[in-house]
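In what follows, a single structure is set out as structure tokens and then discussed.
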Amino acid sequence: MRATLRRTLGLAWVVPALVLVGVFVYLPLVQNLQFSTLKWDIYSGEQEYAGLDNYAKLAGDPVFWSSLGNNALYAVVSIVFQVFGALLLAALIEGVRSERLQRALRAIYFIPSAISLTVAGLLFYFIYEPNLGPLNHALRAAGLGDLAQAWLGQESTAMSAIIAMSQWQGFGYSTLLFAVAIQRIPAEIYGAAAIDGVGAAGRFFRITVPLVREMTGLMAIVTLSGAFQVFNEVMVMTAGGPDNSTQVLGTWLYRSGFVRNNFGYAAAIATVLFVITLGVAVAQLWVTRRRRVEW
Amino acid sequence: MVTRLSFLGVIARVFMWAFLLALAVVVLYPLLWMTLNGFKTNAELFGDPFALPLDWSFGNYAKAWNRGVSGYLTTSVLVTVTSTVATVFISAWAAYGLTRVDIPLNRTLTAAILGGLMLAPTVALVPLVKLFQAMGLYNTFWALLILYTAFRIPFTTFLIRAYMIDLPREVDEAAEMDGAGRWTAFWRIILPMCKPILTSTVLLHILFTWNEYLFAMIFTSGSGVQTLPVGLTSLMSKHGTDYPVVFAGMVIAALPVVLLFFLGQRHIVKGLADGIGK
């Protein structure tokens, strides 16, 4: 009896964390599902049950589909640059002989990841600016003045411009992690390969790539999950414009709920986002559960 | 090991260095440009974006400071400090319970706390706004403190728990023999032993809180408790014609975390590698 009581009292250690996570993370998630079945005007406060109407509306909403497409494009480009590009770059850096230079390069590339997306977004807002922006200035100076344009101001280039900024901001983070993973590979493996006359490309594809596979899988998942949660950079640089061309799920959710006053519809978008991120999270569990690479 | 310098090898090395250096320029130039613009006048900025400022005075920095940045900075520092202390303490507390105390349903509780990692903040946005309005905390400092703490507990607990699991059991037995209670064992013995991971989690939490935008924007808009990321966008919309002041504000916002990164680089790398690699 006393032992049971003592064990139960031990729960005091986990209660604060459980309560906070339960009330502010899990409860809202459940409520969101309920909200997504309501027709709900924030200002009048009127709510009525609408069944799956919000989801039906979502299916027929072209902006929703283009937002989803933009998130997918974001994901593809980020995986190319921040997973495969970063892995190659990390391998190049680790190939540099001087350790001090290695450290300096890793630190330089990481700096954009330490500054906030707001600062980075504003900075690139100015860089892309048609008149004072250095990008157009540089193009004109290089005799490519015909290419100078309002990068964020037109539908054809705005999304690509935002994604490009994102790559600038994020590649140093994954490069740093890949560098750590590569450092964990014992030097003897590379040494043996060098003696066998395996060239740099061979070492990369036959040693580095297979031995950092686990990190590659994890980075792919982290990047994928991040790409579907994009919000800040779009909000700061274009707020979804021009003409909704840079809308992503996060900003469309925000706009539907907080600007157009339809909480129910916003909740339905949130459900879609939840299903996608949960899918990615399950994939993450699956990757981490697999046996770790031994060396 | 003797490396033969073949012609092709030399070419490859030259290309590699050219690429690495070009990339460093691409990363550093925008940041340098941002910093220099904080010293320019509007006319200079519009004239030649690549020119150096004529007058290296801190006037724009002072203006930015007086036009609200001091307030945003104060809020950011307060939210960052309080939520870091709360998050790391509550997470270490839970990690201790999950790893070193005999409690019922241990596996389920662990899954419940760490499972929060999977949920994106955006998904919970609408209900959270209603919840904070109902609690009367909407548009207050408390909303940010609570949200940053609650949403970062899963990740922080995950890192600290992984570290505590590996601490030897003998430590606890020795503490018990000395007659130390649970609290003493946690506070005086286990926590000091966890210093490396605590340092990483503190640094990671600061990086997160300082830069967070989604919650900060939705839960504090226009209320005088804005943090730097949100404050900068207000600075931009209010004084958007005085660009150098905006640049000065951006530098003030970026500098502390860049410095922190350089000071704590080793720990941040370790925290990130452990957190994602486990």
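So the protein lines, in turn, are chains A and B.
Each residue of the first sequence is one higher than the one before, starting from 165 at the first, in the working numbering.
Each residue of the second sequence is one higher than the one before, starting from 1404 at the first, in the working numbering.
Note that CB positions come from ideal geometry on N, CA and C, so glycine has one too.
Write down the C-beta distance between T402(A) and A328(A) rounded to the nearest angstrom, noting that I regard them as a contact closer than 8 Å.
-> In the first sequence, residue 402(A) corresponds to position 238, counting from 1. In the first sequence, residue 328(A) corresponds to position 164, counting from 1. Between A328(A) and T402(A) the Cβ distance is about 13 Å, and since that is not below 8 Å, they are no contact.
What is the DSSP secondary structure of L1635(B), reduced to helix, strand or coil?
-> Residue mapping note: residue 1635(B) aligns to position 232 of the second sequence, counting from 1. Looking at L1635(B) - three-state DSSP - the assignment turns out to be helix.
May I have the straight-line CA-CA distance separating L1631(B) from D205(A), to the nearest angstrom?
-> On the second sequence, residue 1631(B) is found 228 positions in, with the first residue counted as 1. On the first sequence, residue 205(A) is found 41 positions in, with the first residue counted as 1. Approximately 31 Å, taken between the alpha carbons.
Three-state class that DSSP yields for L316(A) in the structure shown = Position 152 of the first sequence holds residue 316(A). L316(A) falls in the coil class under three-state DSSP.
Give the DSSP-derived three-state secondary structure of V1405(B) in the structure shown.
-> As a position in the second sequence, residue 1405(B) is number 2, starting the count at 1. Any answer about V1405(B) is weak, because its pLDDT of 45 lies below 50 and its placement is not dependable; what the coordinates show is given next. Looking at V1405(B) - three-state DSSP - the assignment turns out to be coil, as it is neither helix nor strand.
Spatial neighbours of A432(A) within its chain, please: CB distance less than 7 Å, with the 5 preceding and 5 following residues excluded, ordered by chain position.
-> As a position in the first sequence, residue 432(A) is number 268, starting the count at 1. For A432(A), where only same-chain residues beyond five positions count, the Cβ hits under 7 Å are S200, N218, Y219 and L222.
Compare the Cα-Cα distances from T441(A) to each of H1670(B), A1527(B) and W1586(B) and report the closest residue.
-> The residue given as residue 441(A) occupies position 277 in the first sequence. The candidate whose alpha carbon is nearest that of T441(A) is A1527(B).
L202(A) - containing beta strand (DSSP E), residue span = The residue given as residue 202(A) occupies position 38 in the first sequence. It spans L202 to W204 - the beta strand (DSSP E) in which L202(A) sits, taken as one unbroken run.
Applying a beta-carbon distance threshold of less than 7 Å, which residues of chain B neighbour I346(A)?
-> Taking the first sequence and counting its residues from 1, one reaches residue 346(A) at position 182. Ordered by position in chain B, no residue passes the 7 Å Cβ test against I346(A), which lies about 11 Å from the chain.
Runs of alpha helix (DSSP H) lying entirely within the stretch 1495-1558 of chain B, each at least 4 residues, in chain order = 1509-1517 and 1528-1537
In its own chain, which residues sit with a C-beta less than 7 Å from the C-beta of A343(A), not counting the 5 before and 5 after it?
-> Residue mapping note: residue 343(A) aligns to position 179 of the first sequence, counting from 1. Excluding residues within five positions, the ones whose Cβ falls inside 7 Å are A254, I257, E258 and R270.
Beta-carbon spacing of L287(A), M1521(B) below 8 Å | Taking the first sequence and counting its residues from 1, the one referred to as residue 287(A) is at position 123. Taking the second sequence and counting its residues from 1, the one referred to as residue 1521(B) is at position 118. No, Cβ-Cβ distance for L287(A) and M1521(B) is not below 8 Å.
Would a C-beta distance cut-off of 8 Å place T1531(B) and F188(A) closer than the cut-off?
-> Within the second sequence, numbered from 1, the residue matching residue 1531(B) stands at position 128. Within the first sequence, numbered from 1, the residue matching residue 188(A) stands at position 24. For the sequence presented, residue 1531(B) should be read as Leu rather than Thr. Yes, the Cβ-Cβ distance between L1531(B) and F188(A) is below 8 Å.
8 Å CB neighbourhood of D360(A) in its chain, flanking five on each side removed = Position 196 of the first sequence, counting from 1, holds the residue named residue 360(A). No residues qualify anywhere along the chain.
Alpha carbon of S230(A) to alpha carbon of T168(A), nearest angstrom = Taking the first residue of the first sequence as position 1, residue 230(A) is located at position 66. Taking the first residue of the first sequence as position 1, residue 168(A) is located at position 4. Distance between the alpha carbons of S230(A) and T168(A): 57 Å.
Alpha helix (DSSP H) containing Q266(A): first to last residue?
-> Locating residue 266(A) in the first sequence gives position 102, counting from the first residue. Element bounds for Q266(A): E263 to A278.
By how many angstroms is the C-alpha of V412(A) removed from the C-alpha of Q393(A)?
-> The count along the first sequence starts at 1 and reaches residue 393(A) at position 229. The count along the first sequence starts at 1 and reaches residue 412(A) at position 248. Using only the alpha carbons, I get a separation of about 9 Å.
Compare the C-beta of L1534(B) against all C-beta atoms of chain A and say whether one is closer than 8 Å.
-> As a position in the second sequence, residue 1534(B) is number 131, starting the count at 1. True, the Cβ-Cβ gap to chain A drops below 8 Å.
Own chain partners of M1639(B) with C-beta closer than 6 Å, once the 5 adjacent residues on each side are dropped | The count along the second sequence starts at 1 and reaches residue 1639(B) at position 236. Excluding positions up to five away in sequence, the list reads V1649.
Grouping DSSP H, G and I as helix and E and B as strand, with all else coil, what is E1615(B)?
-> Residue numbering aside, residue 1615(B) sits at position 212 when the second sequence is read from its first letter. Correct three-state label for E1615(B): coil.
Candidates P298(A), A314(A), V400(A) and A214(A), of which the one nearest A1454(B) by Cα = On the second sequence, residue 1454(B) is found 51 positions in, with the first residue counted as 1. Among P298(A), A314(A), V400(A) and A214(A), the Cα nearest to that of A1454(B) is on P298(A).
Where the stretch 266-280 of chain A meets chain B: residues whose CB sits under 9 Å from a CB there = R267, A268, L269, R270, A271, I272, Y273, F274, I275, P276, S277, A278, I279 and S280
Exposed unless 16 or more other CB atoms sit within 10 angstroms - verdict on V244(A) | One-based indexing of the first sequence puts residue 244(A) at position 80. The residue in question, V244(A), is exposed, as its Cβ has fewer than 16 Cβ neighbours within 10 Å.
Partner residues on chain A for D1505(B), Cβ-Cβ distance less than 7 Å | Here residue 1505(B) corresponds to residue number 102 of the second sequence, with the count starting at 1. Going along chain A in sequence order, the residues near D1505(B) (Cβ under 7 Å) are R171 and G174.
Amino acids of chain A, ordered along the chain, whose beta-carbon sits closer than 8 Å to that of L1617(B) | In the second sequence, the residue the question calls residue 1617(B) occupies position 214. Those are F395, N396 and G414, listed as they occur along chain A.
Assuming P180(A) contacts G317(A) (C-beta within less than 8 Å), just tell me the rounded distance between them.
-> Counting from 1 along the first sequence, the entry for residue 180(A) is found at position 16. Counting from 1 along the first sequence, the entry for residue 317(A) is found at position 153. The Cβ separation is near 49 Å, so there is no contact.
Cβ contact check for the stretch 271-279 of chain A and the stretch 363-383 of chain A: 3 or more pairs under 8 Å = no
Buried/exposed call for Y1475(B), threshold 16 Cβ in 10 Å | In the second sequence, the residue the question calls residue 1475(B) occupies position 72. So Y1475(B) ends up on the buried side.
Short CB-CB distance (under 8 Å) between I291(A) and chain B | As a working mapping, residue 291(A) is identified with position 127 in the first sequence. Yes, contact with chain B.
Out of curiosity, what's the CA-to-CA distance linking N1364(B) and V194(A)?
-> The first residue shown for chain B is 1404 and the last is 1681, placing residue 1364(B) beyond what the model contains.
Tell me, to the nearest whole angstrom, how far the beta carbon of V241(A) is from that of Q331(A); I am working on the premise that it is less than 8 Å.
-> Along the first sequence, one-based indexing puts residue 241(A) at 77. Along the first sequence, one-based indexing puts residue 331(A) at 167. Confirmed, Cβ separation roughly 7 Å.
Is the stretch 1494-1505 of chain B in contact with the stretch 1567-1574 of chain B, if contact means three or more CB pairs nearer than 8 Å?
-> yes
From the beta carbon of L286(A), is the nearest beta carbon of chain B less than 8 Å away?
-> If you number the first sequence from 1, residue 286(A) lands on position 122. Cβ-Cβ to chain B under 8 Å: yes for L286(A).
For V1430(B), count neighbouring C-beta atoms within 10 Å of its own C-beta (all shown protein chains included) and say buried if the count is 16 or more, exposed if not.
-> Numbered from its first residue, the second sequence carries residue 1430(B) at position 27. Burial call: buried.
As assigned by DSSP and simplified to three states, the class of N425(A) | Position 261 of the first sequence, counted from the start, is the residue given in the question as residue 425(A). If DSSP states are grouped into helix, strand and coil, N425(A) belongs with coil.
Which two residues bound the contiguous beta strand (DSSP E) that contains Y213(A)?
-> Here residue 213(A) corresponds to residue number 49 of the first sequence, with the count starting at 1. Q211 to Y213 is the span of the beta strand (DSSP E), which, as asked, contains Y213(A).
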